[in-house]
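All residue numbers for the sequence shown refer to our numbering, where the first residue is 213 and numbers rise by one. The C-beta atom is built at its ideal place from N, Cα and C for all residues, glycine as well. Just below is one structure, and these are the notes that go with it.
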Amino acid sequence: MIVSGLSWLAVNLEVAPMISLMVHDLQRGNWSSCKDFASLKGEVHTLGYSLGLTVTGYALPLLGLCGFSYQIAHLLHIQERAIQRRTTTYKRPLRVAVSAAIMFLLLYTPYHVLRNIRIASQHDWTGLQLCTRMNIESLYIITRPFAFLHSVINPVFYFFIGDKFKNLLLAKLRKLIRKTEQQREPA
């Protein structure tokens, strides 16, 4: 509960400058057009802010997800060796853990990279021609639906693994813990 609350607070602190940029942009446009984040201009240094968002809102969660996926994979390999019955397999839970990390990586990386490139390309110091800037913007626009596709795929992904996966994983973890405890007890 505390971790969820802290996560919620961190996300709100991360997006507060973006909301301010959006409101100021809407006011400048007489509340008639709403631009995406990479097109906003304002008092916040958008490239620095975007890079900060990429690190705190994408890179750190990705590292955490990869780290936990690795730990899950390691635990499942140990568990599979400990039980040594052919009827018990941990390949499916392992595939799910790895698939979640890969899905996050593949769907979000192009969006975050191109968002930062798009914001940087708007600055005069890049020396980019208009055609190049338009190509970058087009690529960025294409990556946005893929990033948000994760929001559609994720519930379906977890629906298919569902309670059966969770119950199987918890049962196997309990067996491993019991077996480990039995091995530690003196004979």
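Going by Cα to Cα distance, which pick from the options is closest to residue i?
i, options, result
"A228", "L306, I214, S245 and G264", "G264"
"G254", "L233, F360, L287 and N366", "L233"
"T266", "Q394, Q395, I331 and S216", "I331"
"P305", "L317, R293, H289 and Y320", "H289"
"T268", "E349, L225 and R345", "L225"
"T258", "L287, S333, V310 and F369", "S333"
"L361", "K376, Q394, Q341 and L318", "L318"
Would DSSP call residue i helix, strand or coil?
i, result
"C246", "coil"
"Q341", "coil"
"Y352", "helix"
"L252", "coil"
"Q334", "coil"
"M234", "helix"
"E292", "helix"
Report the CB separation of residue i from residue j in whole angstroms; it is logged as a contact under 8 Å.
i, j, result
"L277", "A313", "5 Å"
"Y320", "A250", "That pair is no contact at about 15 Å."
"E292", "Y302", "5 Å"
"A294", "L218", "Rounded, the Cβ-Cβ distance is 35 Å, inconsistent with contact."
"A309", "A285", "6 Å"
Tell me, please, whether the stretch 353-372 touches the stretch 319-330 by the rule of three or more beta-carbon pairs shorter than 8 Å.
yes
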